[in-house]
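Numbering (numbering that gives the first Met the number 0), first residue to last: 0 to 255. Just so you know, even glycine gets a beta-carbon here, dropped at the ideal spot from N, CA and C. Okay, structure first, notes after.
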Amino acid sequence: MDLASYVASLKVSANIPPPATQFLSTQNGYANIYGFIVKPDAVVYRYDVELSDKVKDKSLTKGGGDDGKRGLLRDICFELVKDVFDSTQNLNCNGTVLFVYDNRKILFTNLRVPALTCEIKPERMTPFCRKFLRNATITFELQPCKGSSHELNLNDIPSALCPAPHKQADHSLRTFFEMLTSQSFINARTHRLVGNGRLFEEKEVKRLNDAIVAHNGVAKGVRIIANGGDKPVPAIVAEVKTCAFFAKGNLGDIVR
0 MDLASYVASL
10 KVSANIPPPA
20 TQFLSTQNGY
30 ANIYGFIVKP
40 DAVVYRYDVE
50 LSDKVKDKSL
60 TKGGGDDGKR
70 GLLRDICFEL
80 VKDVFDSTQN
90 LNCNGTVLFV
100 YDNRKILFTN
110 LRVPALTCEI
120 KPERMTPFCR
130 KFLRNATITF
140 ELQPCKGSSH
150 ELNLNDIPSA
160 LCPAPHKQAD
170 HSLRTFFEML
180 TSQSFINART
190 HRLVGNGRLF
200 EEKEVKRLND
210 AIVAHNGVAK
220 GVRIIANGGD
230 KPVPAIVAEV
240 KTCAFFAKGN
250 LGDIVR
């Protein structure tokens, strides 16, 4: 018998042991995953936000830069959108309008609101915004979302799942819940957004040296999970962390 015939005659499968089962157990403990309980028929509406200086042809909601610049622009955008929301009395909508905002281009509301374009004059801005924008007049534009569905059913879990390996899942549902868990902290001005899903306290925990300080925060994202035989639900995955940042202040004063 040649080697090829001998190898073909071997019954390799017979030597494979059965899967181990004695190590399976259930333990109670802590987890950093928290499921959402959503009311039936809950719906939100997604809008595109644009904030721009028409004179300089400069957008505040686009562009790159380092984390510091992007964080600064997020603060500016929030202050401007909050001013529009207050001055237009709920975005010109009858009823109590609530919103969540990523401090750049995405805004969700609990009620349908009309498209809106208006100007924000320097005298209406906070001193912080007015100084950064050099007394420019900013144009605010709010339009129903064009890139994704305008109306979002918060119980439509299948839309957030990837329908096939070659297709892209819709991230609108996960985006909304991630933004929702940040908004109350931003409104209270106790925390700042530092990139997508990263929220840090304004209060410093420790000053490491003249230029570096530590802040407590959380990095979070939303996933779709299923516990046992339960139906899939959105859940937030959160990781608490302490990170180092440059201290606030004039660079020249810090390095002296």
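* residue 27 to residue 180, Cα distance in whole Å? -> 26 Å
* Asked: Exposed or buried, what is residue 175 when buried is set at 16 or more other beta-carbons lying within 10 Å of its beta-carbon?
  -> buried
* To do: Could you name the residues of the same chain whose beta carbon sits closer than 7 Å to that of residue 72, not counting the 5 residues immediately before and after it, in chain order?
  => 59
* To do: Since I believe residue 133 is in contact with residue 82 (beta carbons under 8 Å), could you give me their beta-carbon distance rounded to a whole number of angstroms?
  => Actually they do not touch by this definition, with Cβ atoms about 17 Å apart.
* To do: Output yes or no for whether 8 Å exceeds the beta carbon distance between residue 177 and residue 221.
  => yes
* Asked: Which residues mark the beginning and the end of the beta strand (DSSP E) in which residue 148 is found?
  -> Counting along the chain, residue 148 falls outside any beta strand (DSSP E), and DSSP gives it neither H nor E.
* Identified DSSP bridge partners for residue 173 -> The partner list for residue 173 (beta bridge, DSSP) is empty, contrary to what the question assumes.
* Cβ distance (whole Å) where residue 45 is taken to contact residue 147 below 8 Å -> 6 Å
* The beta strand (DSSP E) enclosing residue 216, as first and last residue numbers -> 211-224
* **Proximity below 8 Å, CB of residue 141 to CB of residue 198** => no
* Extent of the continuous beta strand (DSSP E) run through residue 119 -> 115-119
* Asked: When burial is assigned at 16 or more other CB atoms within 10 Å of the CB, is residue 70 buried or exposed?
  -> buried
* Does DSSP put residue 36 in a helix, a strand or coil? -> coil
* To do: Pull up the distance between the alpha-carbon of residue 173 and that of residue 224, whole angstroms please.
  => 12 Å
* To do: Compute the beta-carbon to beta-carbon distance between residue 121 and residue 108, rounded to the nearest angstrom, for a pair I have assumed lies under 8 Å.
  => About 27 Å separates the two Cβ atoms, so there is no contact after all.
* Do residue 153 and residue 41 have their CB atoms nearer than 8 Å? -> yes
* **Under the three-state DSSP convention, the category residue 88 falls into** => helix
* DSSP bridge partner residues for residue 77 (one or two, in chain order) -> None; residue 77 has no bridge partner.
* Asked: So, does the CB of residue 153 fall closer than 8 Å to a CB anywhere in chain C?
  -> Looking at the structure shown, chain C is missing, and only one protein chain is on hand.
* Closest by C-alpha distance to residue 257, when choosing among 68, 244, 100 -> Beyond the ends of the chain as shown, which are 0 and 255, falls residue 257; an answer cannot be given.
* **Separation of residue 38 from residue 246, as counted between CA atoms** => 43 Å
* **C-beta atoms of residue 155 and residue 104 nearer than 8 Å** => no
* Asked: What's the C-alpha gap between residue 236 and residue 17?
  -> 35 Å
* Is the beta carbon of residue 98 less than 8 Å from the beta carbon of residue 77? -> no
* Asked: Which residues share a DSSP beta bridge with residue 51?
  -> 58, 138
* To do: Taking residue 248 as the reference, give the member of 144, 51, 210 with the closest Cα.
  => 210
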